[in-house]
Amino acid sequence: MKLTREEVTRIAFLARLELSDQEADKLGGHLNRLLESIETLREVDTENVEPTSHTIPVYNVLRKDVSRPSLPPEDVLANAPESDDNTFVVPRIVET
Amino acid sequence: MIDGLCKLTAHELHDLIRTKQVTAREVTESVLSRVDEVEGRVKSYVTVTRELALAQADAADAKIAAGEEIAPLTGIPFAIKDNMSTRGILTTCSSKILQNYKPIYDATVVERLADVNSVIIGKTNLDEFAMGSSTENSAFFTTRNPWNIETVPGGSSGGSSAAIAADEAIIGIGSDTGGSIRQPAAFCGVVGMKPTYGRVSRYGLIAFASSLDQIGPITKDVTDCALAMNVICGHDACDSTSLDVPVPDFTKSLVPDIKGLKIGAPKEFFAQGVDAEVSEAAIKAIEVLKELGADYKETSMPTVEYGLPTYYIIAPAEASSNLARYDGVRFGLRSDNSPDPITMFQKTREEGFGAEVKQRIMIGTYALSAGYYDAYYLKAQKVRTLIRQSFEELFEEFDVLVAPTTPTVAFGVGERVDDPFKMKLTDILTIPANMAGIPAISVPCGFHNGLPIGLQIIGKSLDEETILRVAYAFEQATDFHRRKADL
Numbered sequence: 160m161k162l163t164r165e166e167v168t169r170i171a172f173l174a175r176l177e178l179s180d181q182e183a184d185k186l187g188g189h190l191n192r193l194l195e196s197i198e199t200l201r202e203v204d205t206e207n208v209e210p211t212s213h214t215i216p217v218y219n220v221l222r223k224d225v226s227r228p229s230l231p232p233e234d235v236l237a238n239a240p241e242s243d244d245n246t247f248v249v250p251r252i253v254e255t
Numbered sequence: 134m135i136d137g138l139c140k141l142t143a144h145e146l147h148d149l150i151r152t153k154q155v156t157a158r159e160v161t162e163s164v165l166s167r168v169d170e171v172e173g174r175v176k177s178y179v180t181v182t183r184e185l186a187l188a189q190a191d192a193a194d195a196k197i198a199a200g201e202e203i204a205p206l207t208g209i210p211f212a213i214k215d216n217m218s219t220r221g222i223l224t225t226c227s228s229k230i231l232q233n234y235k236p237i238y239d240a241t242v243v244e245r246l247a248d249v250n251s252v253i254i255g256k257t258n259l260d261e262f263a264m265g266s267s268t269e270n271s272a273f274f275t276t277r278n279p280w281n282i283e284t285v286p287g288g289s290s291g292g293s294s295a296a297i298a299a300d301e302a303i304i305g306i307g308s309d310t311g312g313s314i315r316q317p318a319a320f321c322g323v324v325g326m327k328p329t330y331g332r333v334s335r336y337g338l339i340a341f342a343s344s345l346d347q348i349g350p351i352t353k354d355v356t357d358c359a360l361a362m363n364v365i366c367g368h369d370a371c372d373s374t375s376l377d378v379p380v381p382d383f384t385k386s387l388v389p390d391i392k393g394l395k396i397g398a399p400k401e402f403f404a405q406g407v408d409a410e411v412s413e414a415a416i417k418a419i420e421v422l423k424e425l426g427a428d429y430k431e432t433s434m435p436t437v438e439y440g441l442p443t444y445y446i447i448a449p450a451e452a453s454s455n456l457a458r459y460d461g462v463r464f465g466l467r468s469d470n471s472p473d474p475i476t477m478f479q480k481t482r483e484e485g486f487g488a489e490v491k492q493r494i495m496i497g498t499y500a501l502s503a504g505y506y507d508a509y510y511l512k513a514q515k516v517r518t519l520i521r522q523s524f525e526e527l528f529e530e531f532d533v534l535v536a537p538t539t540p541t542v543a544f545g546v547g548e549r550v551d552d553p554f555k556m557k558l559t560d561i562l563t564i565p566a567n568m569a570g571i572p573a574i575s576v577p578c579g580f581h582n583g584l585p586i587g588l589q590i591i592g593k594s595l596d597e598e599t600i601l602r603v604a605y606a607f608e609q610a611t612d613f614h615r616r617k618a619d620l
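Chains C and V are the protein sequences, given in the same order.
So for the first sequence, this note's numbering puts the first residue at 160; every next one is plus one.
So for the second sequence, this note's numbering puts the first residue at 134; every next one is plus one.
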């Protein structure tokens, strides 16, 4: 299953990565090699096999419905690249 | 005497500290001097926390002076892989995207170490976001192997492993997703353990692949490994995948008696491109185990070959999801001058992530995307079940399985960097244990061209005790663990 340049671009958009042409080419090459090795899995008989998403028995973990102090705003914003009045500032989202 | 303190193990230092022959401060000063001496060549650390370490050592000494009961790891200097959150201390995952990030909380493992008044010497280098097998994917610099500084220490916990091999800390904490503790431990001639998935809380471990990641100790000998396991293991309400099971006293496993224990070696682990010298060392190690009274039998696990392809779908898929949070909005790097948020996300991630990380995000995104999910991700999860079942079948017959940890000894810096596929083959023997969530350890078992070789011991889920017993018996019958790198 060889990836076309268009597919590489499409995946990059899904992953919110802006790749240069050179990067896209190189990445495409590496990805194709990896995909080749993954092809060996096609032959494996998994007809009646359940997928493993967890190696340990998992069940929904709940905590008691007791209120606890939330993070103070200063902590929440401590690493913010840009903030104002207890909010994170980002480039304009909605066109006015 | 002070100079030599850094070369000792935690249990030896504990005896000296407990009997007041040395202070915790002297131990920390010895380690910090050692860092000054060799760090220029080894480059284990992203951040050395000198003032904090001395303050922590003084706090430990205050407790001792007050006659309070101290723990085996009180005053012991640690090296913590830089993907574990330390409040107020730079935590970078060796990535540009987190180069200025200081967490507002401590990882549970960090808290547990603080609870016993241990000391943090610093945060160690890793392959960016724990993706790699040589530490060459660090965005900052490549750590070197103390046994030969032209070679890699392995990865992704290369910094922690090199630090222990170079006596730049007494105990290292690493993380293992596909072998990232065991492999560098093997390359650096130290002990490295990946506990059963769920034994150690992942709260505060910056996530790579959530169903595979596990924190574990990197130590100079098996006794220190058991001591570290006692502190870091345990249920944590903050980690929903944390197992609520009792933690045994792992030091009780340090009994060199393996008579009658059933040990198997799957032949596929000796075939997968494994160098002759490495195989030979593992086979000699098995002879030692037989001489100690273990019942050995060669066996087979054909699903071993599926480990790598399965891992390279599942791990990147989970990573693509976990790394989606790095978008420049709330923390980390933000690219300047973006006209809109999507451009900001794209530019930030483009500038902030290295090539290997981008590659894995791309593969993961592809494997999970509409139309491909069944063929790739779902299929990989089913094959993962087959790997798990193979182990379960083998463990009906055997108590532990043994194998080499890696196919080769440490390779040269730069040797595999341009061939990411060849780089990934380094993990072929360690990946299966992560797939099944079972525990495994690497202990030194030989040398080739002056570079260490590791023996891997794999055990049943939650049976770290038997693994430690076999590891201890082997270690006590040999002296590989006493050899030091000549720096």
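Virtual Cβ for every residue (Gly too), placed ideally from N, Cα, C.
Using only CA atoms, which one of the options lies nearest to residue i?
{"i": "histidine 581 of chain V", "options": "V/Glu413, V/Ala606, V/Lys256", "result": "V/Glu413"}
{"i": "alanine 513 of chain V", "options": "V/Phe341, V/Tyr439, V/Asp612, V/Phe486", "result": "V/Tyr439"}
{"i": "serine 271 of chain V", "options": "V/Gly331, V/Gly312, V/Ser471, V/Val546", "result": "V/Val546"}
{"i": "threonine 205 of chain C", "options": "V/Gly579, V/Tyr509, V/Phe531", "result": "V/Tyr509"}
{"i": "methionine 362 of chain V", "options": "V/Gly307, V/Lys400, V/Met217, V/Arg549", "result": "V/Gly307"}
{"i": "glutamine 101 of chain V", "options": "V/Asp354, V/Ile574, V/Ile391, V/Lys327", "result": "Since the first and last residues shown for chain V are 134 and 620, residue 101 of chain V lies out of range."}
{"i": "lysine 400 of chain V", "options": "V/Val437, V/Met568, V/Val421", "result": "V/Val437"}
{"i": "alanine 192 of chain V", "options": "V/Ile222, V/Arg174, V/Ser471, V/Asp248", "result": "V/Asp248"}
{"i": "alanine 240 of chain V", "options": "V/Ile230, V/Ser227, V/Gly221, V/Lys229", "result": "V/Gly221"}
{"i": "alanine 621 of chain V", "options": "V/Arg183, V/Glu172, V/Arg151, V/Ala212", "result": "Outside the shown range of chain V, which is 134 to 620, sits residue 621 of chain V, and nothing can be said about it."}
{"i": "isoleucine 130 of chain C", "options": "V/Asp596, V/Lys515, V/Ser471, V/Asp551", "result": "This structure cannot settle anything about residue 130 of chain C, because the visible part of chain C is limited to 160 through 255."}
{"i": "glutamine 479 of chain V", "options": "V/Tyr445, V/Ala457, V/Met217, V/Gly426", "result": "V/Ala457"}
{"i": "valine 516 of chain V", "options": "C/Ser229, C/Asn207, C/Val217, C/Asp234", "result": "C/Asn207"}
{"i": "leucine 200 of chain C", "options": "V/Thr541, V/Leu246, V/Thr443", "result": "V/Thr443"}
{"i": "glutamate 209 of chain C", "options": "V/Leu519, V/Ala543, V/Leu558", "result": "V/Leu519"}
{"i": "glutamate 608 of chain V", "options": "V/Thr356, V/Gly337, V/Thr156, V/Arg167", "result": "V/Thr356"}
{"i": "arginine 332 of chain V", "options": "V/Ser344, V/Gly406, V/Leu562", "result": "V/Ser344"}
{"i": "isoleucine 203 of chain V", "options": "V/Ala604, V/Leu146, V/Gly312", "result": "V/Leu146"}
What is the C-beta distance between residue i and residue j, in whole angstroms, given that I count them as a contact (C-beta under 8 Å)?
{"i": "proline 115 of chain V", "j": "glutamate 598 of chain V", "result": "Absent from the model: residue 115 of chain V. The displayed extent of chain V is 134 to 620, so no value can be given."}
{"i": "arginine 602 of chain V", "j": "valine 388 of chain V", "result": "6 Å"}
{"i": "threonine 225 of chain V", "j": "valine 179 of chain V", "result": "6 Å"}
{"i": "serine 575 of chain V", "j": "glycine 587 of chain V", "result": "4 Å"}
{"i": "proline 577 of chain V", "j": "proline 585 of chain V", "result": "5 Å"}
{"i": "proline 210 of chain V", "j": "alanine 186 of chain V", "result": "7 Å"}
{"i": "serine 334 of chain V", "j": "valine 220 of chain C", "result": "That pair is no contact at about 13 Å."}
{"i": "threonine 384 of chain V", "j": "leucine 360 of chain V", "result": "7 Å"}
Report the rounded CA-to-CA distance for residue i versus residue j, giving the unit in angstroms.
{"i": "asparagine 238 of chain C", "j": "glutamine 232 of chain V", "result": "11 Å"}
{"i": "alanine 302 of chain V", "j": "isoleucine 600 of chain V", "result": "24 Å"}
{"i": "proline 435 of chain V", "j": "leucine 511 of chain V", "result": "21 Å"}
{"i": "isoleucine 254 of chain V", "j": "glycine 208 of chain V", "result": "11 Å"}
{"i": "leucine 206 of chain V", "j": "alanine 143 of chain V", "result": "7 Å"}
{"i": "serine 453 of chain V", "j": "phenylalanine 247 of chain C", "result": "24 Å"}
{"i": "lysine 189 of chain V", "j": "isoleucine 213 of chain V", "result": "At residue 189 of chain V the sequence reads glutamine, which differs from the lysine that was named. About 15 Å."}
{"i": "threonine 310 of chain V", "j": "glutamate 254 of chain C", "result": "43 Å"}
{"i": "proline 537 of chain V", "j": "serine 468 of chain V", "result": "44 Å"}
{"i": "glutamine 522 of chain V", "j": "phenylalanine 554 of chain V", "result": "27 Å"}
{"i": "lysine 423 of chain V", "j": "isoleucine 590 of chain V", "result": "14 Å"}
Per DSSP, what kind of secondary structure is residue i in: helix, strand or coil?
{"i": "glycine 208 of chain V", "result": "coil"}
{"i": "cysteine 139 of chain V", "result": "coil"}
{"i": "threonine 352 of chain V", "result": "strand"}
{"i": "asparagine 278 of chain V", "result": "strand"}
{"i": "threonine 219 of chain V", "result": "strand"}
{"i": "isoleucine 213 of chain V", "result": "strand"}
{"i": "serine 308 of chain V", "result": "strand"}
{"i": "threonine 246 of chain C", "result": "strand"}
{"i": "valine 160 of chain V", "result": "helix"}
{"i": "leucine 187 of chain V", "result": "helix"}
{"i": "leucine 338 of chain V", "result": "strand"}
{"i": "tyrosine 178 of chain V", "result": "strand"}
{"i": "cysteine 358 of chain V", "result": "helix"}
{"i": "threonine 225 of chain V", "result": "coil"}
{"i": "arginine 151 of chain V", "result": "helix"}
What residues match up with residue i in a beta bridge as DSSP calls it?
{"i": "cysteine 366 of chain V", "result": "V/Val333"}
{"i": "glutamine 589 of chain V", "result": "V/Ala536, V/Ser575"}
{"i": "leucine 584 of chain V", "result": "V/His581"}
{"i": "tyrosine 429 of chain V", "result": "V/Ile396"}
{"i": "phenylalanine 643 of chain V", "result": "Because chain V in this structure spans residues 134 to 620, residue 643 of chain V falls outside the shown range and cannot be described."}
{"i": "lysine 417 of chain V", "result": "Its beta-bridge partners do not exist; DSSP assigns none."}
{"i": "isoleucine 253 of chain V", "result": "V/Phe211"}
{"i": "glycine 325 of chain V", "result": "V/Ile351, V/Ser575"}
{"i": "glycine 545 of chain V", "result": "V/Thr284"}
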